[in-house]
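Enquirer: Sharing a structure below in structure tokens format, with a few things to ask.
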Amino acid sequence: MRIKKAVIPAAGLGVRFLPATKAVPKEMLPIVDKPTIQYIIEEAICSGIEDILIVTSRYKKAIEDHFDRFVSLEDHLRGKGKLDLLQIVEETGAMAEIHYVRQGVPNGLGHAVYCARRFVGGEPFAVLLGDDIVRSPVPCLKQMIDLYEEVQATIIGVKEVPQTEVNKYGILDAEPVREKVCRIRDLVEKPAPDAAPSRLAIMGRYIIEPEIFNILSHTEPGAGGEIQLTDALKELARQKDMYGLNFDGIRYDVGDKLGYLKATVEFALERSDLEQPFRDYLTGLLCSTGT
Ligand code: G1P
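Numbering follows numbering that gives the first Met the number 0, with no gaps: position 268 of the sequence shown is 267.
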């Protein structure tokens with residue numbers, strides 16, 4: 000079955016970015032000049048996704064406004080002859096079929112995905128987490144969809160992390176199948192470093208079979224007292240085949256201040272309008288600080 004639907008959980012409070020996220024959803028913080036959630040939506044669209052559900056909450060109205068038409072701004076830009084900006088504004092208002100559902104209570108990622116059950120119905124679907132941005136020649140989700148078409152089973156996007164960082168991620172117990180692909184035996188959410196079955200960490204990209212919703216309907220709160228998607232996937236892995244894909248590309252944790260800064264610098268260096276002056280600035284900065 001073709002993967003046409005994607006779910007983007009975006010209900011979190013973004014406390015790691017306070018005070019910036021007191022009034023602005025963390026998904027709207029820009030990397031250069033584009034909100035982080037737009038990078039995620041663009042990855043989904045470039046991977047062939049047709050319908051996107053954003054799981055939001057009370058404080059996230061700016062996300063809906065961003066992907067809506069803004070006719071008076073369009074008229075203003077047209078009147079001033081600013082046609083390049085007009086194109087940017089029009090494009091963000093017509094990116095894909097974007098739907099919204101609210102997660103009224105912050106019960107965790109598993110609960111956020113459960114809020115998507117009516118939107119998804121009985122099809123396999125993608126989940127993209129807004130804190131994880133991937134820079135790659137072939138979109139990360141497209142790489143995963145290609146593998147899905149081959150194996151027709153749940154796929155999780157993974158990367159190896161240092162032993163000291165396993166407690167920040169969902170971690171796989173898996174056996175290699177071929178280069179970059181492994182078969183998942185078990186998963187554990189945020190294990191202590193000495194209890195982790197591997198260093199293969201879940202990187203916020205999933206293709207999940209719809210049976211997950213039955214499991215999520217009875218998944219108990221786990222790590223952090225929240226309903227964890229990893230715990231539901233653990234049960235799904237006992238019932239059905241599940242694979243990990245160590246995808247090509249660089250992943251940035253833009254929910255973390257250092258990760259956000261790295262993404263900002265590296266995306267800016269890729270922009271034709273900024274690359275040279277920004278590189279000159281960084282070189283000058285390093286020379287002036289003697290590093
Ligand atoms: C979530 C998932 C975790 C995954 C991580 C990737 O955790 O629960 O399994 O490894 O995203 O970013 P969070 O960072 O929301 O605590």
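For each residue, glycine too, the CB sits at the ideal point set by N, CA and C.
1. Determine the direct distance from the alpha carbon of valine 119 to that of glycine 80, and round the result to whole angstroms.
2. Would you decide whether glutamate 149 is buried or exposed? Buried here means 16 or more other CB atoms lie within 10 Å of its CB.
3. Would you check whether ligand 1 has a heavy atom nearer than 6 Å to the C-beta of aspartate 131?
4. Consult DSSP for threonine 20 and reduce its assignment to one of helix, strand or coil.
5. I'd like to know whether the C-beta atoms of proline 209 and glycine 121 end up nearer to each other than 7 Å.
6. Isoleucine 183 bridges to which residues according to DSSP?
7. Nearest to glutamate 63 by alpha carbon, out of Arg15, Met94, Ile249 and Gln142?
8. Mind checking which residues open and close the alpha helix (DSSP H) that includes valine 70?
9. Could you name the residues that DSSP lists as bridge partners for glycine 243?
10. Give the secondary structure of isoleucine 40 by DSSP, where H, G and I count as helix, E and B as strand, and everything else as coil.
11. Who does phenylalanine 124 pair with in a DSSP beta bridge?
12. Where DSSP assigns a beta bridge to leucine 199, which residues make up the other side?
13. For isoleucine 39 and alanine 262, what's the separation of their Cα atoms in angstroms?
14. Between the segment 42-56 and the segment 69-89, do at least 3 Cβ pairs fall closer than 8 Å?
15. Which two residues bound the contiguous beta strand (DSSP E) that contains threonine 55?
16. Between which two residues does the beta strand (DSSP E) containing tyrosine 99 stretch?
17. Residues in its own chain within less than 6 Å of tyrosine 259 by CB, not counting five upstream and five downstream?
Expert: This is what the structure gives:
1. 42 Å
2. exposed
3. yes
4. helix
5. yes
6. Ala173
7. Met94
8. 70-78
9. Ile155 and Cys181
10. helix
11. Ile207
12. Glu159
13. 13 Å
14. no
15. 50-55
16. 96-101
17. Val253
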